[in-house]
Amino acid sequence: MIPTLFGLTLLMFILERTIPNTILASQYLNPQSSLPQTIQLQNAYAQLGLNLPAPVQFLYYLNNIFHGNLGYMNSSYYSGSVASAIIQYFPNTAQLVIFSMMFTLLIAVPLGTYIGSKPGSVADHASRVFSITGFAIPAFWLGLMLQIGLGKGVLDSPLSVFPLGGIVSNSALPANLPSWLINPTTGGLSSSPTHMILFDSLIHGDFALAGNAFLHMVLPIITLTYALLAGLLRFIRSGMVDVASKEYIKTARAKGVPERIVVRRHMRKNAMIPAITVVALLIADLLGGVVITETIFRYPGMGLLSVNAAIEFEIYGVIGTTLVFGVIMVVANLVVDIVYAFMDPRIRY
Amino acid sequence: MNVEAEKSMKRSDRRNVFAMNSGAFMRNLLHSGAATAGLIITVFYMLLALLDAVYPGYLGVHNDSTMLSFLSGGITSAPPTPPVFNQGWWYYFGTTTSQIPIFPSMLAALRFDLGYALLIVLAGAGVGLVFGAASGYFGGKIDELMMRITDIFLSVPLIPLAIAVTFFLGGTFSDMAYALVLVSWPSFARLARGETLHLRSQSFMEAAISAGSSRGRNVFVHVIPNVLSPIFVQASLGLGRIVLVFATLFFLGIVAGDPYMPELGQLLVMGEPWLVFGVWWPIVIPGIFLIVFIVGVNLFGDGMRDILDPKLRR
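So the sequence lines, in the order shown, correspond to chains A and B.
According to the working numbering, the first sequence is numbered sequentially starting from 1.
According to the working numbering, the second sequence is numbered sequentially starting from 350.
Dropping the structure here:
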């Protein structure tokens with residue numbers, strides 16, 4: 001894990017230093033600072049170590065990262081330090097990821113168990129078609145289709161109730177913003193304590209706002225869940241089919257254990273073990289999907305921040321978000337390994 | 350013994366796609382309905398892509414030099430006209446922004462996407478094959494270091510990494526192609542390494558070494574030809590994925606440059622502003638065209654994998 005993170009920062013460093021020094025320094029200006037530009041440029045050179053040899057520059061780079069100093073960006077979505085941009089945008093992404101992962105598991109585990117215990121049934125064939133399309137439908141196209149079909153104001157149907165984008169409607173916000181919705185330093189809209197507006201409004205008892213925030217999340221969650229579900233469902237199913245031919249399942253049936261218990265206790269528990277490794281791979285797909293989904297639904301999260309930074313040529317925005325995506329994935333893989341060892345006592349590290 | 354080597358030992362009955370005679374291979378492939386459908390769809394799309402080369406009609410112009418003059422600014426100055434639907438056979442799927450006909454645009458986009466995706470997958474597979482085979486063959490510290498390098502590339506999700514690399518290489522179309530090679534090779538390297546570990550323990554390798562074959566010769570003459578068939582399957586599955594990522598990056602607007610680039614993601618970008626006016630065909634039709642292609646390629650790849658590795662078939 002540590003060598004991977006080290007290598008990741010090295011890769012990002014190499015990518016970053018393909019840009020000429022003058023541009024690197026000129027992008028390293030804090031848009032909110034009152035210092036004159038010449039002094040800020042000198043500070044940028046000193047902070048990045050741009051006049052020093054490349055290996056020393058890398059040490060400066062690591063030092064900056066450890067101090068949470070990821071540079072500055074001045075794009076239409078955020079103007080200020082990249083670290084604070086990530087602090088503001090990350091919880092929104094977390095909100096989406098948590099719900100998509102939760103819905104995926106809630107649907108895939110029971111459904112996978114069911115179709116896995118009845119291979120060759122109609123449900124099984126339907127799930128096969130579903131997973132083939134799940135791998136093939138591009139997330140951006142699915143998002144657009146959902147906007148047409150279910151988005152408010154495109155087609156006038158009773159189902160068109162979901163907002164086309166954003167995180168919360170302005171009309172749903174209270175007329176006088178309470179203190180928990182205002183960021184004390186910038187004065188902008190930012191909820192506390194968790195920074196996830198859905199959970200914060202539930203904590204503070206504003207159920208109308210929570211409902212509105214959830215309504216904004218429905219279409220992005222469907223888009224994200226669709227692709228994830230296709231992969232996981234197929235995998236749980238094949239795990240179940242694999243386990244079904246094992247001797248201990250025959251033993252359980254022979255001694256008269258009810259079929260329901262055989263499926264739930266004997267088959268599903270063993271079929272889930274290989275599925276856990278797939279979850280780690282799915283997290284990668286999920287984070288990639290987040291970038292696309294957030295861009296289509298204008299959901300202010302890490303993905304939108306990263307795409308916006310790339311389009312508006314914000315070097316440090318791109319580096320910062322990519323590093324965070326990498327760190328999330330490394331940590332997620334670690335968690336999956338721990339869960340794996342916990343679920344399967346035969347595995348010891 | 351290494352865990353991965355043990356795993357691949359179990360797959361020792363894997364047959365080699367290049368060693369198998371082509372008749373047997375085709376019989377196996379056609380035995381599965383899904384794989385046959387995949388093969389038919391893939392071949393059909395390849396022919397469609399060739400149709401564009403024979404009869405180019407992108408931007409509604411049937412002549413290459415006129416098309417270039419349109420690309421160099423003529424069409425951008427024209428006021429955007431609303432798309433129309435079903436006007437004569439050439440306009441059968443209607444038009445998108447600036448009255449660009451959708452059907453020939455899709456053909457041009459397919460030729461473009463398919464051509465570059467093939468190049469990218471071949472380059473990625475080639476790099477990954479040599480890298481992985483060398484890593485697995487030399488083993489020890491070199492293997493450890495080389496696998497750490499692939500870990501780094503695999504530690505960032507594909508799309509954010511592709512965005513970052515495209516951005517830092519310069520953000521043009523060719524930069525995106527290089528970036529996709531850079532992000533797609535590690536999975537091939539992993540696969541090639543696993544296969545190589547398995548091959549190393551086989552007696553023909555021992556024979557080659559005792560006959561005095563050099564290490565370079567061992568890797569290029571003995572290991573790589575034997576690793577080719579699983580890599581080939583992975584590449585056919587990767588083709589669909591690369592086309593998807595291709596379209597995605599264009600759709601997100603990461604690739605700076607020509608807004609009239611014939612590309613499936615770019616076609617959707619052209620149609621997107623008209624969506625709120627109820628104009629559905631510039632989005633829906635290219636989308637379905639893309640999905641059917643990906644489904645076909647994936648079915649074909651799955652079918653091939655089933656033939657090579659019957660144990661995976663469930």
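For every residue, glycine included, the Cβ atom is placed at its ideal position computed from N, Cα and C.
Values in this document were obtained by computation on a predicted structure and should not be read as measured data.
Taking C-beta pairs closer than 9 Å, name the residues in chain A that residue i reaches, listed in chain order.
i: Arg497 of chain B; result: Pro3, Thr4 and Gly7
i: Leu577 of chain B; result: By Cβ distance, chain A contributes nothing, its closest Cβ being about 25 Å from Leu577 of chain B, past 9 Å.
i: Ile632 of chain B; result: Trp141, Leu144, Met145 and Ile148
Check whether the Cβ of residue i lies closer than 8 Å to any Cβ atom in chain B.
i: Phe325 of chain A; result: yes
i: Met196 of chain A; result: no
i: Leu11 of chain A; result: yes
i: Trp180 of chain A; result: no
i: Thr321 of chain A; result: yes
i: Ile19 of chain A; result: yes
i: Pro287 of chain A; result: The displayed chain sequence assigns Leu, not Pro, to residue 287 of chain A. Closer than 8 Å to some Cβ of chain B, the Cβ of Leu287 of chain A qualifies, so yes.
i: Ala332 of chain A; result: no
i: Gln122 of chain A; result: According to the sequence provided, residue 122 of chain A is Val. The question's Gln does not apply to it. By this cut-off, Val122 of chain A is not an interface position.
i: Val318 of chain A; result: yes
i: Leu15 of chain A; result: yes
i: Leu144 of chain A; result: yes
i: Phe135 of chain A; result: yes
i: Ala85 of chain A; result: no
Who are the neighbours of residue i on chain B, taking C-beta pairs under 8 Å?
i: Val307 of chain A; result: Ile512, Leu601, Gly602 and Ile603
i: Ile132 of chain A; result: Val644, Asn647 and Leu648
i: Ala208 of chain A; result: The premise fails here: Ala208 of chain A is roughly 27 Å from chain B at the closest Cβ pair, so nothing lies under 8 Å.
Classify residue i as helix, strand or coil using the three-state DSSP reduction.
i: Gly652 of chain B; result: helix
i: Leu189 of chain A; result: strand
i: Thr18 of chain A; result: coil
i: Pro509 of chain B; result: helix
i: Ile449 of chain B; result: strand
i: Phe502 of chain B; result: helix
i: Phe638 of chain B; result: helix
i: Ile491 of chain B; result: helix
i: Gly149 of chain A; result: helix
i: Phe442 of chain B; result: coil
i: Ile137 of chain A; result: coil
i: Val646 of chain B; result: helix
i: Ile182 of chain A; result: strand
i: Ile603 of chain B; result: coil
Compare the C-beta of residue i against all C-beta atoms of chain D and say whether one is closer than 8 Å.
i: Pro91 of chain A; result: In summary, chain D is missing from the structure at hand, where the protein chains are A and B.
Which residues in chain B sit within 7 Å of residue i, going by Cβ to Cβ distance?
i: Met329 of chain A; result: Ser504, Val505 and Pro506
i: Pro138 of chain A; result: Leu593, Ala596, Thr597 and Leu639
i: Ile148 of chain A; result: Leu624 and Trp629
Starting from residue i, find everything on chain A with Cβ-Cβ shorter than 8 Å and list it in chain order.
i: Ile469 of chain B; result: Those do not exist, as Ile469 of chain B stays about 17 Å from chain A at its closest Cβ, beyond 8 Å.
i: Gly565 of chain B; result: None at all; the shortest Cβ gap to chain A is about 27 Å.
Which residues in chain A sit within 7 Å of residue i, going by Cβ to Cβ distance?
i: Val625 of chain B; result: Val154
i: Ile491 of chain B; result: Chain A residues near Ile491 of chain B: none, gap ~15 Å exceeds 7 Å.
Does any residue of chain A have a CB that is nearer than 8 Å to the CB of residue i?
i: Phe516 of chain B; result: yes
i: Asp607 of chain B; result: no
i: Asp500 of chain B; result: yes
i: Gly587 of chain B; result: no
i: Leu617 of chain B; result: yes
i: Gly636 of chain B; result: yes
For a contact defined as C-beta to C-beta under 9 Å, what are the partners of residue i on chain B?
i: Val291 of chain A; result: Pro506, Ile508, Pro509, Ile512, Thr597 and Leu601
i: Ala310 of chain A; result: Ile512, Ala513, Thr515, Phe516, Gly520, Leu601, Gly602 and Ile603
i: Thr295 of chain A; result: Phe600, Leu601 and Gly602
Legend entry - Secondary structure, alpha helix (DSSP H): runs of 4+ residues fully inside the stretch 53-123 of chain A: 54-66 and 82-117
Inset, instruction - For the stretch 136-150 of chain A and the stretch 629-647 of chain B, state whether three or more C-beta atom pairs, one from each stretch, are separated by less than 8 Å. - result: yes
Inset, instruction - Tell me, please, whether the stretch 95-111 of chain A touches the stretch 255-265 of chain A by the rule of three or more beta-carbon pairs shorter than 8 Å. - result: no
Legend entry - Validate contact between the stretch 470-481 of chain B and the stretch 535-544 of chain B using beta carbons, cut 8 Å, 3 pairs: yes
Inset, instruction - Please list the segments of the alpha helix (DSSP H) lying wholly inside the stretch 278-336 of chain A, counting only runs of 4 or more residues, in order along the chain. - result: 302-311
Legend entry - Minimum length 4: unbroken alpha helix (DSSP H) runs contained in the stretch 527-583 of chain B: 552-559
Legend entry - Three-pair Cβ contact test at 8 Å for the stretch 312-321 of chain A versus the stretch 138-156 of chain A: Taking one beta carbon from each stretch, the stretch 312-321 of chain A and the stretch 138-156 of chain A have fewer than 3 pairs nearer than 8 Å; the two do not touch.
Legend entry - the stretch 99-116 of chain A contacting the stretch 576-595 of chain B, beta-carbon criterion three pairs below 8 Å: In short, these stretches do not touch, since the Cβ pair count stays below three.
Inset, instruction - Taking 8 Å as the threshold, find out whether the stretch 142-151 of chain A comes into contact with the stretch 268-278 of chain A through three or more Cβ pairs. - result: Because the criterion of three Cβ pairs below 8 Å is not met, the stretch 142-151 of chain A and the stretch 268-278 of chain A do not touch.
Legend entry - Any 3 or more C-beta pairs closer than 8 Å across the stretch 17-30 of chain A and the stretch 40-56 of chain A: yes
Inset, instruction - Evaluate contact between the stretch 215-225 of chain A and the stretch 159-178 of chain A, counting only Cβ atoms and requiring at least three cross-stretch pairs below 8 Å. - result: Segments in contact, yes.
Inset, instruction - Count the CB pairs spanning the stretch 335-342 of chain A and the stretch 516-531 of chain B that are closer than 8 Å, and state whether there are at least three. - result: no
Legend entry - Contact the stretch 51-71 of chain A vs the stretch 187-203 of chain A: 3+ CB pairs below 8 Å: Contact fails: fewer than three Cβ-Cβ distances are below 8 Å.
Legend entry - Touch test, the stretch 488-502 of chain B against the stretch 565-583 of chain B, Cβ-Cβ under 8 Å, three pairs minimum: no
Legend entry - Cβ contact check for the stretch 323-338 of chain A and the stretch 503-520 of chain B: 3 or more pairs under 8 Å: The stretch 323-338 of chain A vs the stretch 503-520 of chain B: in contact.
Legend entry - Contact between the stretch 561-570 of chain B and the stretch 447-457 of chain B (3+ Cβ pairs under 8 Å): no
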